[in-house]
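Asker: Residue numbers (the UniProt record's numbering): 1 to 224. No residue lacks a Cβ here, since even glycine has one placed at the ideal position from N, Cα and C.
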């Protein structure tokens, strides 16, 4: 039977996402898995790059950043697994993962996770879903690079706000961890460019004139 005859895209995303994988790992029937809860302080390193790691992590709360050297390439929030990308091989980590704010993660042995997943009839779908999500992230980042600086900044602020922030009827409020400096690093733009564009957006009314936090006024948004 062909893959497409078993599940369509929505079924795979709905049945084999991170919440479902967590449920599998917490299920003690058959093969119970030891897990440990860890609290990370801001700037504390969870995984250093160029190192082989023995664990997979699930973020319970907080926001972490994935870095390549000094460049921030990815944000990681709650209900996201870390370390699934190289679980099938004894490979070194390509990125360094650091807490951007106080964060709580659950630690699982890679060996235990792999054993549990591979002994399920449909276990590979969990790995497929994780890799698919990462691939979509990189494709989105590549597409964004072909837009001008203002479009990159606005799109990124909206994405971060909707993914990690709080949305009210009138505003999208980003967590304070998303500073202009962090955003400039993530988008590979100069701090001067980001500060200048944000100043323009304040004049246009899209951003609130608040120095310590990014707050978007939804009534000033065009269709996005």
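Candidates 57, 120, 139, 99: which alpha carbon is nearest residue 35's?
Answerer: 57
Asker: In three-state terms, what does DSSP make of residue 193?
Answerer: Taken through DSSP and simplified to helix, strand or coil, residue 193 comes out as helix.
Asker: Out of curiosity, what's the CA-to-CA distance linking residue 72 and residue 42?
Answerer: 15 angstroms
Asker: Taking one C-beta from the stretch 151-168 and one from the stretch 191-208 each time, how about it: are there three or more such pairs within less than 8 angstroms?
Answerer: yes
Asker: Under 8 angstroms between the Cβ atoms of residue 62 and residue 104?
Answerer: yes
Asker: Apart from the five residues on each side of it in sequence, which residues of its chain come closer than 7 angstroms, Cβ to Cβ, to residue 3?
Answerer: Interpretation of residue 3 is limited by its pLDDT of 48, a score under 50 that renders its predicted location unreliable; no figure is taken from the coordinates.
Asker: Once you ignore the five residues that flank residue 115 on each side, which residues in its own chain have a CB closer than 7 angstroms to its CB?
Answerer: The answer, listed in chain order, is 31.
Asker: Looking at residue 174 and residue 202, is the spacing between their C-beta atoms short of 8 angstroms?
Answerer: Result no, Cβ atoms of residue 202 and residue 174 do not sit closer than 8 angstroms.
Asker: Since I believe residue 82 is in contact with residue 47 (beta carbons under 8 angstroms), could you give me their beta-carbon distance rounded to a whole number of angstroms?
Answerer: 7 angstroms
Asker: Return helix, strand or coil for residue 71, following the three-state DSSP convention.
Answerer: strand
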